[in-house]
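Participant:
Given below as structure tokens:
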């Protein structure tokens, strides 16, 4: 790692001051620390957000489930409130990485990074969540903008994510066994107004909504209604799977998610 | 350099660290607690697992400075007060839960966190919990047996 200063403020305002002075926000560091070890980043300072109480925890805010940006995966997985309101979200958080990663990694860190195979972006997009930053609110449909790319501006901090509560939802992940990332993962959410389907791990452009499946499932919410696999063009191809394999997994995991949602 | 203070295995310790100093570096190089191992250094293998405030974390992917004021437990803190092996350690010895022993500190620390949350885990729960701990010798079977035995010994 290149040398940097490390600060761990206890208030959001102190963190924002440190970030505007050139610091980079740090969540649980489960991606950023390995990145630093490879010298792929050279921040002057890291501003650890995990000591800020106002960024942590889960609560109902109106009719939405609000998760603080510095809330760890283990806390979302264990939260009685999340299990009661959106059990699929608790289940997703409980499948990220391994127990030690879940004891450090945060939702804000995950969606700020927007790894194309990360789990959380699929939940945020499928549930039509709102990403709250220190500056504004961003709809999920506008937030994810491609591989490791989001609507966040330099130094903008994810304060929290507000999730609408669906009638039913489920996440199904086909695990890449070495990394525990999603080789392909599908989050399906059924609302009174229709069904949203978000796919992670498959596309070269990162998480995306599978609109054909959404249309079919909105009129008939059953695994048999899931349409044929999407075209393989633009899907990720690597040693773990071809684009065609991932396209097929999109259909299979969507069917499994619908079946799991019940 | 900034100073960091924490409690390690019940003893108050402090030392100077850089921002980039990892917890495992502080434990091994400053405190000379070399029971915690660095295997992959990429947060995959779990040989570096220690407890921070009672929860298992990968000390190769945690900054020392982030543990200011924390209670840290390493494998050196798992023995009984008289120096004899703790329950989980003894169960690993009794069940041949190790061969080369490199992964063992992390396995024991992961197992301790599991048994604290789930005192009587099923074999499937143990295997799922060990996703973040790699062993290249034992094929995991004896490690799983060791953890089952430790759970039974605690009961």
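Chains as they are written, first to last, in the numbering used here: chain A, 12 to 273; chain B, 161 to 315. Using N, Cα and C, we set each Cβ at its ideal position, and we do this for glycine too. Here the structure is a predicted model, which means the values were calculated and not measured.
For residue 49(A), does the count of other Cβ atoms within 10 angstroms reach 16, so buried, or fall short, so exposed?
Facilitator: Counting Cβ neighbours within 10 Å, residue 49(A) comes out exposed, since fewer than 16 surround it.
Participant: Quick one: residues in its chain with C-beta nearer than 7 Å to the C-beta of residue 262(B), no 5 flanking neighbours on either side, listed in chain order?
Facilitator: So the qualifying residues of the chain are 197, 199, 207.
Participant: For residue 215(A) and residue 157(A), what's the separation of their Cα atoms in angstroms?
Facilitator: If I take the Cα positions, the gap works out to 8 Å.
Participant: Determine the DSSP secondary structure at residue 300(B), reduced to helix, strand or coil.
Facilitator: Residue state, collapsed to three classes: coil.
Participant: Name the one or two DSSP bridge partners that residue 149(A) has.
Facilitator: 142(A).
Participant: Would residue 173(B) and residue 191(B) be called neighbours here (beta carbons separated by less than 8 Å)?
Facilitator: It is a contact, given that the beta carbons lie within the stated cut-off.
Participant: Within 8 Å (strictly less), CB to CB, does residue 111(A) reach chain B?
Facilitator: So, interface residue.
Participant: Using the Cα positions of residue 126(A) and residue 245(B), report the straight-line distance between them to the nearest angstrom.
Facilitator: So the two alpha carbons sit approximately 43 Å from each other.
Participant: Taking only three categories from DSSP, how would you classify residue 169(A)?
Facilitator: Strand at residue 169(A).
Participant: What first and last residue would you give for the alpha helix (DSSP H) that runs through residue 83(A)?
Facilitator: Note, residue 83(A): premise wrong, no alpha helix (DSSP H); not H, not E.
Participant: In the DSSP output, what is residue 233(B) paired with across the bridge?
Facilitator: Answer by DSSP bridge pairing, in chain order: 211(B).
Participant: Can residue 15(A) and residue 56(A) be called in contact, C-beta distance under 8 Å?
Facilitator: Result yes, Cβ atoms of residue 15(A) and residue 56(A) sit closer than 8 Å.
Participant: What number of angstroms, rounded off, separates the C-alpha of residue 140(A) from the C-alpha of residue 106(A)?
Facilitator: Rounded to the nearest angstrom, the two C-alpha atoms are 20 Å apart.
Participant: Would you call residue 188(A) buried or exposed, if buried means 16 or more other Cβ atoms sit within 10 Å of its Cβ?
Facilitator: It counts as exposed.
Participant: Looking at C-beta atoms only, is the number of pairs between the segment 249–263 of chain A and the segment 160–169 of chain A that lie closer than 8 Å three or more?
Facilitator: No: fewer than three Cβ pairs fall under 8 Å.
Participant: Please give the ranges of any beta strand (DSSP E) in the segment 66–124 of chain A, keeping only runs that are unbroken, at least 3 residues long and fully inside the region.
Facilitator: DSSP runs (the beta strand (DSSP E)) wholly in the segment 66–124 of chain A: 69–72, 75–79.
Participant: Tell me which residues share the same chain as residue 161(B) and place their Cβ nearer than 8 Å to its Cβ, disregarding the 5 neighbours each side in the sequence.
Facilitator: Once the five neighbours on either side are set aside, the close Cβ partners of residue 161(B) are 176, 177, 178.
Participant: Can you name, in chain order, every residue of its own chain whose Cβ lies under 6 Å from the Cβ of residue 268(A), other than the five neighbours on each side?
Facilitator: These residues qualify, in order along the chain: 181, 183, 197, 199.
Participant: Could you tell me whether the Cβ atoms of residue 255(B) and residue 302(B) are closer together than 8 Å?
Facilitator: Yes, the pair counts as a contact, with Cβ atoms nearer than the cut-off.
Participant: Any residues in the segment 24–52 of chain A with a beta carbon nearer than 8 Å to a beta carbon of chain B? Which ones, in chain order?
Facilitator: Within the segment 24–52 of chain A, the qualifying residues are 40, 41, 44, 45, 47, 48.
Participant: Near residue 37(A), which residues of its chain fall below 7 Å by C-beta distance, leaving aside the five closest residues on each side in sequence?
Facilitator: Once the five neighbours on either side are set aside, the close Cβ partners of residue 37(A) are 43, 57, 58, 59, 60.
Participant: Give a yes or no on whether the minimum CB-CB distance between residue 12(A) and chain B is below 8 Å.
Facilitator: Closer than 8 Å to some Cβ of chain B, the Cβ of residue 12(A) qualifies, so yes.
Participant: Do residue 262(A) and residue 242(A) have their C-beta atoms within less than 8 Å of each other?
Facilitator: No, these two residues do not count as a Cβ contact at 8 Å.
Participant: Using a Cβ cut-off of 8 Å (strictly closer), state whether residue 180(B) contacts chain A.
Facilitator: Interface residue, yes.
Participant: Would you give the residue range spanned by the beta strand (DSSP E) that residue 36(A) belongs to?
Facilitator: Taken as a continuous stretch (DSSP letters only), the beta strand (DSSP E) holding residue 36(A) covers 34–37.
Participant: Check each residue of the segment 225–249 of chain B: if its Cβ is closer than 9 Å to any Cβ of chain A, include it; give the result in chain order.
Facilitator: Within the segment 225–249 of chain B, the residues whose Cβ lies closer than 9 Å to some Cβ of chain A are 225, 226, 228, listed in chain order.
Participant: Listed from N- to C-terminal order along the chain, which residues in the segment 292–312 of chain B have their beta-carbon within a distance smaller than 9 Å of any beta-carbon of chain A?
Facilitator: Residues 292, 293.
Participant: List the endpoints of the continuous beta strand (DSSP E) containing residue 176(B).
Facilitator: Note, residue 176(B): beta strand (DSSP E), 171–176.
Participant: Under a three-way DSSP split, which group does residue 252(B) fall into?
Facilitator: Residue state, collapsed to three classes: helix.
Participant: Is it a yes or a no for the segment 281–292 of chain B touching the segment 99–114 of chain A, going by three-plus beta-carbon pairs under 8 Å?
Facilitator: With the cut-off at 8 Å, the segment 281–292 of chain B and the segment 99–114 of chain A touch.
Participant: Any idea what DSSP makes of residue 266(B), helix, strand or coil?
Facilitator: The answer is helix: DSSP assigns residue 266(B) an H, G or I state.
Participant: Less than 8 Å between CB atoms is the rule here; does residue 60(A) satisfy it with respect to chain B?
Facilitator: By this cut-off, residue 60(A) is not an interface position.
Participant: Hey, does residue 165(B) have any beta-carbon neighbour from chain A nearer than 8 Å?
Facilitator: Cβ-Cβ to chain A under 8 Å: no for residue 165(B).
Participant: For residue 203(B), which three-state DSSP category applies?
Facilitator: It is coil, neither helix nor strand.
Participant: So, does the CB of residue 185(A) fall closer than 8 Å to a CB anywhere in chain B?
Facilitator: Judged by the 8 Å Cβ criterion, residue 185(A) is not in contact with chain B.
Participant: Taking contact to mean at least 3 C-beta pairs separated by less than 8 Å, is the segment 224–243 of chain B in contact with the segment 120–138 of chain A?
Facilitator: No, they do not touch.
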